[in-house]
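To start, the structure under review is shown below, and the notes come after it.
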Amino acid sequence: MLRTLILLLLFTPPAFAATGLERVILQELNVARTQPDAYIRYLEHYRRLFKDKTYTQPGTNLLIRTEEGTTAIDEAITFLRRQRPLPPLRWAEGLARSGAELVQAQAKNKETGHGSGRLAMGRRIQRHGRWTIAIGEAISYGPYVADRGRDVIAQLLVDDGVPSRGHRKALFDKDYRLAGVSCGPHPTFATACVIDFAGGEEGK
């Protein structure tokens, strides 16, 4: 019995220590889900930062060039006007660890996207918990300021240059009840933030 306990302690993953940015990202996502009308005001402010297809990243002097400019923002605002409020997402440490695994790998290999092989989204998320109903992932890359999780959610919500608007759909998927967030340095885009989602967790 003692040997079994020791083995369990050895193989229990360490607690995920969320940063301020990661917690703020989930808070901002829950504002968008529970109060979509209120989030329109931020996107309207965000829209005013644009000149043609470029804008200055809030809190920095960096000029960001987009593919669609304000067209995608206008579409996101229309989406939010039609979106019904959804329940907030609860923090799930296992999902945060899944995102951290990808963030750490991409900090070394300079890749983007949802991973492949051992790092493929489905395999990776299921390694960190026994999830039910549905799983998913949204990833944002950019020069984010530590306390501005709103910029991450705005980027995913607008989903510039993504014809399917897959990130936006993930943020507002009614099947999701849990989420975990991990952010870290990226050699090309300064910061990578991964949000992993699940509908539920076995036994909880």
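Just so you know, we're using this note's numbering here: the sequence shown kicks off at 120 and counts up by one.
Every residue gets a Cβ at the ideal spot worked out from N, C-alpha and C, and that includes glycine.
What you are looking at is a predicted structure, and each value in this text was computed from that prediction instead of being measured.
Inter-residue spacing [alpha-carbon to alpha-carbon] between residue i and residue j
i: L162; j: A239; result: 32 angstroms
i: A289; j: G303; result: 21 angstroms
i: F198; j: S283; result: 14 angstroms
i: D315; j: T153; result: 18 angstroms
i: L168; j: R249; result: 43 angstroms
i: V222; j: T310; result: 9 angstroms
i: L121; j: E141; result: Annotation note: pLDDT 36 at L121 (below 50); position unreliable, no value reported.
i: V150; j: P207; result: 8 angstroms
i: L126; j: H286; result: Any reading at L126 needs caution, since the residue's pLDDT is 32, under 50, leaving its predicted position unreliable; the model's value is listed next. Distance between the alpha carbons of L126 and H286 is about 39 angstroms.
i: L129; j: R243; result: With a pLDDT of 36 at L129, under the threshold of 50, the predicted position of this residue should be treated as unreliable, though the coordinate-derived value follows. Roughly 20 angstroms between the two C-alpha positions.
i: S235; j: A226; result: 15 angstroms
i: Q245; j: H233; result: 14 angstroms
i: R203; j: P155; result: 7 angstroms
i: K376; j: A157; result: This structure cannot speak to residue 376, because the chain is shown only from 120 to 323.
i: E147; j: R237; result: 30 angstroms
i: A317; j: T190; result: 31 angstroms
i: K323; j: A224; result: 29 angstroms
Terminal residues of the beta strand (DSSP E) in which residue i lies
i: E256; result: W250 to G261
i: R184; result: L182 to R184
Check whether residue i and residue j have beta carbons under 8 angstroms apart
i: A298; j: A219; result: no
i: I254; j: G241; result: yes
i: L181; j: P262; result: yes
i: R370; j: I159; result: Residue coverage of the chain in this structure runs from 120 to 323, which leaves residue 370 outside it and unanswerable.
i: V281; j: A195; result: no
Opposing strand residues paired with residue i [DSSP bridges]
i: G319; result: T251
i: H305; result: A309
i: R209; result: L297
i: K227; result: DSSP lists no partner for K227.
Spatial neighbours of residue i in its chain, beta-carbon cut-off 6 angstroms, leaving aside the 5 residues before and after
i: H247; result: G213, R216 and S217
i: S301; result: A215, G218, A219, V222 and V313
i: T185; result: K172 and D279
i: P177; result: none
Contact set for residue i: own chain, Cβ-Cβ below 7 angstroms, skip 5 residues either direction
i: L275; result: A257, S259, H286, R287 and L290
i: E321; result: R249 and T251
i: Y165; result: I192 and A273
i: Y174; result: L168 and I183
i: G188; result: F169, D171 and K172
i: R209; result: R296 and L297
i: K138; result: One point to set straight first is that residue 138 is Thr, not Lys, in the sequence displayed. C302.
Cutoff 8 angstroms; reference residue i; Cβ partners in own chain excluding five residues on either side
i: G319; result: W250, T251, I252, R296 and L297
i: F308; result: T231, Y260, G261 and P262
i: I144; result: G268, V271, I272, V300, C302, C312 and I314
i: K293; result: L205
i: P133; result: Summary for P133: the model assigns pLDDT 44, below 50, so the residue's position carries little reliability; its value from the coordinates is reported in the next sentence. No residues qualify anywhere along the chain.
Residue range of the alpha helix (DSSP H) that includes residue i
i: T189; result: T189 to R201
i: Y174; result: Taken as a continuous stretch (DSSP letters only), Y174 belongs to no alpha helix (DSSP H), being part of the beta strand (DSSP E) at T173 to T175.
i: L276; result: G268 to V277
i: R166; result: P155 to R167
i: R284; result: No alpha helix (DSSP H) contains R284, which DSSP labels as neither H nor E.
i: G234; result: Taken as a continuous stretch (DSSP letters only), G234 belongs to no alpha helix (DSSP H), as it is neither H nor E.
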